[in-house]
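One line per chain: the protein sequences are A and B, in this order.
Sequential numbering of the first sequence, starting at 1, is according to my numbering.
Sequential numbering of the second sequence, starting at 232, is according to my numbering.
The structure under discussion appears below in the form of structure tokens.
There are 2 protein chains.
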Amino acid sequence: MTITLYDLAGAEADRRFSPFCWRARMALAHKGLAVETVPWGFTEKDRLPQPNAGRVPVIVDGDTVVHDSTAIADYLEGRYADKPTLFGGENGRALARFVQNWTETVLQAGIIPLVVLDIHRHSRMQDHEYFRRSREERFGRTLEEVVRDRESRLPALRASLDPLRRTIERQDFISGNAPAYADYIVFGAFQWARAISDFELLAADDPVRGWRGRMLDLYGGLARRAPAYGD
Amino acid sequence: MTITLYDLAGAEADRRFSPFCWRARMALAHKGLAVETVPWGFTEKDRLPQPNAGRVPVIVDGDTVVHDSTAIADYLEGRYADKPTLFGGENGRALARFVQNWTETVLQAGIIPLVVLDIHRHSRMQDHEYFRRSREERFGRTLEEVVRDRESRLPALRASLDPLRRTIERQDFISGNAPAYADYIVFGAFQWARAISDFELLAADDPVRGWRGRMLDLYGGLARRAPAYGD
């Protein structure tokens, strides 16, 4: 049975740019599950299964509705325990939480002030006002001010990748010899950035690019084939 | 058979303050193995099993000598596979590497400029010159200059703990419901600091203190009973 994934989309319905939705998309592919994605805009609360918090990803699997990327990963791991594991056990699941918390507090927090204006540009016309207002409130500045001089902030972002860089210098994936959910968490942040911005985050010789390339190749180039910038 | 652990010691032989040795010490306790520690000073290359790189931890288990905390954890996990696992499988082992790389590039790198003069004060008199010279070369400043105004750098250190803080706000240990090697890696950094410095890194209400307390309680208060400052 095909699983439905409500997936954040921009003005072009094929351009999918939620880091959290990419986690779910990659996790579904990891489990080898058929999926149909529904493009969804920031303000379409009414189009999601009810009740909802106005956020994606949401999946519908038969009679089961699951909200939130972490809950989705846990659901898939339990419901499809016979398929390749996302966590490799409870210790792996717990440590994936650490990777998630690093991704959200360091990586995504570092990326957003660099690309937030690009998100605005790619979002649907009817979402522009909502997006600008909510994000300018959060930052206390205009989006244009937030991204100003972003080149000068690249060295700090790149330095903040040290834990990731050292890890994938010594093993092909964050999760070891093969990718698993922790990789999808971190990859979601990079795929989000490249889906909506031509501002390259990584230096040409950064080993993190090699890992990102391996992630883009997975599942028949699932993420590489999606509308995005750069390699 | 008792395992021997060469363990970095200060002027007081009981004051053990290597973050890497604490990883090994906790891993040995996790496996329930009997250990005899040998206090070792920075410059006692000749007192370690030969050949050596002049660094601890080193363990001797019968005819086997293992250098380096990571190699020791891998050795213990393989040799004592029947004892409680340090990693919970290959995914957990791979993700523990990420936690290790975060600990070394963020946490330990953030702590050392705050406590390096305290390490000097606690090291053996005959190690003072070596320690000061090697560390001042690394920092390009005197140790006194490195720690100057350290209070002003506490907020940045505390903010850098966000990935850890969020994780242990939602689960008792980094590794989940029970501690495992990733916890020992991070704990080693805190135990190092508290062993040689009365400069408290954590705010009184920081949830990280709760986790640190749980770590101090493990194995009959192994780390709590060791000479150190604060709680």
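From the three backbone atoms N, C-alpha and C, an ideal C-beta is built for every residue, glycine too.
What are the residues in the stretch 402-430 of chain B lying within 7 Å of chain A by C-beta distance? Gln402, Ile405, Ser406, Gly407, Ala411 and Ala413
Provide the residue(s) that pair with glutamate 36(A) in DSSP beta bridges, ordered along the chain. Thr4(A)
Listed by chain order, chain B residues near tryptophan 102(A) by CB distance under 7 Å: Trp333 and Pro394
Using a beta-carbon distance cut-off of less than 8 Å, what residues from the stretch 296-307 of chain B approach chain A? none
Would you list, in chain order, the members of the stretch 429-450 of chain B that have their beta-carbon closer than 8 Å to a beta-carbon of chain A? none
Chain A contact residues for alanine 258(B), given Cβ-Cβ distances below 7 Å: Correct list: empty, because the minimum Cβ distance to chain A is about 14 Å.
Meets three-Cβ-pair contact criterion under 8 Å: the stretch 60-74 of chain A and the stretch 352-364 of chain B: no
Please classify asparagine 101(A) as buried or exposed, where buried requires at least 16 other C-beta atoms within 10 Å of its C-beta. buried
My understanding is that methionine 26(A) touches phenylalanine 187(A), with C-beta atoms under 8 Å, so please give their C-beta distance in whole angstroms. 7 Å
Does any residue of chain B bring its CB to less than 8 Å from the CB of leucine 143(A)? no
Looking at chain B, is there any beta carbon in it that lies within less than 8 Å of the beta carbon of leucine 154(A)? no
Whole angstroms is fine: what's the gap from glutamate 136(A)'s alpha carbon to threonine 142(A)'s? 5 Å
Between which two residues does the beta strand (DSSP E) containing isoleucine 59(A) stretch? 58-61
Return the CA-CA distance between isoleucine 405(B) and alanine 327(B), expressed in angstroms with no decimal places. 10 Å
State buried or exposed for alanine 81(A), treating a residue as buried only when at least 16 other CB atoms are found within 10 Å of its CB. exposed
Rounded straight-line distance, which links the Cα of glycine 210(A) to that of glycine 451(B): 45 Å
Use the C-beta contact count for glycine 54(A): other C-beta atoms within 10 angstroms, 16 or more gives buried, fewer gives exposed. exposed
Can you tell me which of the three DSSP states alanine 240(B) falls into? strand
Cα separation between leucine 317(B) and proline 51(A)? 41 Å
Indicate the three-state DSSP secondary structure (helix, strand or coil) for phenylalanine 173(A) in the structure shown. strand
In the DSSP assignment, what residue or residues form a beta bridge with histidine 298(B)? Val289(B)
What are the residues that DSSP puts in a beta bridge with arginine 16(A)? Ala9(A)
Tell me whether aspartate 183(A) is buried or exposed, calling it buried when 16 or more other Cβ atoms sit within 10 Å of its Cβ. buried
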